[in-house]
Structures are given as structure tokens and as C-alpha cells.
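Its first residue numbered 29, the sequence shown is counted upward by one per residue in this note's numbering.
For every residue, glycine included, the Cβ atom is placed at its ideal position computed from N, Cα and C.
Report on one structure; see the data block that follows.
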Amino acid sequence: MFRVGELDRADWRFFKTGPVQLFRSGEVLDQALRDLGELEYLPLRWNLEPDDGFRRAVSKQLKWQAQFGYVDWSGNLDALNDGLRAEPFGSSDRSVIVLENFDRFRERDSLYAFKLLDVLAMASWDYMLFGKALLCFVHTNNPDLETPKLAGRAASWNDKERRRF
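Right, dumping it as C-alpha cells:
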């Protein structure tokens, strides 16, 4: 996926620490999305509040009707895993999923929230096998947010907001 000399690309700085990146600053997140846009990444924004809006966005952006013959995704994470197999890569070989309002979503059901991140992390690793790229950006207001391991690795803070010890 990356060749020698491409390790200064905007997406490499995210992939080197894992496919799930945490963002607190909206400005830093927007700049990261602009940087990825220059590399022709397709952004998919999933506002996790309200829950039915989140399910509709997933259904529409992953083309649920075309893939499975029914309109709406139920919220089942096994089904989401299946839905990610064809889309968003029927539209672009490079995509970034942005999860908005993660804090309130996690407050309602932290286990489900972290399982969602795990599904997205696993999908990213799987896509790399086929030379495709999927990143997941999580917008959080919690500067102390830590995740369990996602596909074997915890989510990382982006370079600009990572704490220096």
C-alpha cells in the first residue's frame, strides 16, 4: 500500500499508530480530513446522536438496500461487518469514517461503542490486504479517553493532540 518515499503522506502518519484515531479539536480533525481529501479519501460522517440518524447514515452510505435488499441497518455489528465488505470501496479505494458525538454514544453503551470501533479497526486491517485504505476518526471531548484494544491495538491520539510525556 505504501512505497518507499511515501512515508511522509498524510495518511501514513495515522496508519503508523493504528487505523482508529482520536480527535478532540474540531479544527485538527477538519485539517486531517482536508489532508486526506488531497489524497482522494472519501469521507463518511456518522453522527452517533441520535441513534436512528446514525443507523440511517450507515444504511445510506454503505448502500444497504443494494447490498442486502432491505433499507435499514438494524444496528447489529455482525451485519455492519458484512456491510463494510463491499462499501465504501465500491465508491473509493480510500475512505475515512468520522464518528461524531462519540462521548454521549459511549455513555449510553460503552461496550457497544468500543465493539463498533473494533469492527472498524478489523475492517481497516482487512482492506490493507487488498491495497485499500480505511481510517476511522473519533471525535471526543474527553482528553483522557482510552480504548480497549481494537483489533489488537488501542486507538491512538492524532499527532497534534497526543500528550508528550
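Range covered by the alpha helix (DSSP H) that runs through residue i
i, result
"residue 108", "105-111"
"residue 144", "138-156"
"residue 64", "54-65"
"residue 88", "79-89"
"residue 37", "Unbroken run through residue 37: none, as it is neither H nor E."
Anticipated Cβ contact below 8 Å, residue i with residue j, distance rounded
i, j, result
"residue 186", "residue 49", "5 Å"
"residue 147", "residue 64", "The Cβ separation is near 21 Å, so there is no contact."
"residue 101", "residue 87", "5 Å"
"residue 130", "residue 76", "6 Å"
Counted within 10 angstroms of its Cβ, other Cβ atoms place residue i as buried (16 or more) or exposed
i, result
"residue 190", "exposed"
"residue 138", "exposed"
"residue 128", "buried"
"residue 171", "exposed"
"residue 134", "buried"
"residue 78", "exposed"
"residue 99", "exposed"
"residue 161", "buried"
"residue 183", "buried"
Span of the beta strand (DSSP E), counted from its first residue to its last, around residue i
i, result
"residue 179", "Where residue 179 is concerned, there is no enclosing beta strand (DSSP E), given that its DSSP letter is neither H nor E."
Beta-bridge partners of residue i, as assigned by DSSP
i, result
"residue 71", "124"
"residue 161", "122"
"residue 51", "167"
Across the stretch 38-46 and the stretch 65-84, are there enough close Cβ pairs to call them in contact, namely three or more that are closer than 8 Å?
Because the criterion of three Cβ pairs below 8 Å is met, the stretch 38-46 and the stretch 65-84 touch.
Determine contact between the stretch 92-99 and the stretch 148-160, defined as no fewer than three beta-carbon pairs at a distance below 8 Å.
The stretch 92-99 vs the stretch 148-160: no contact.
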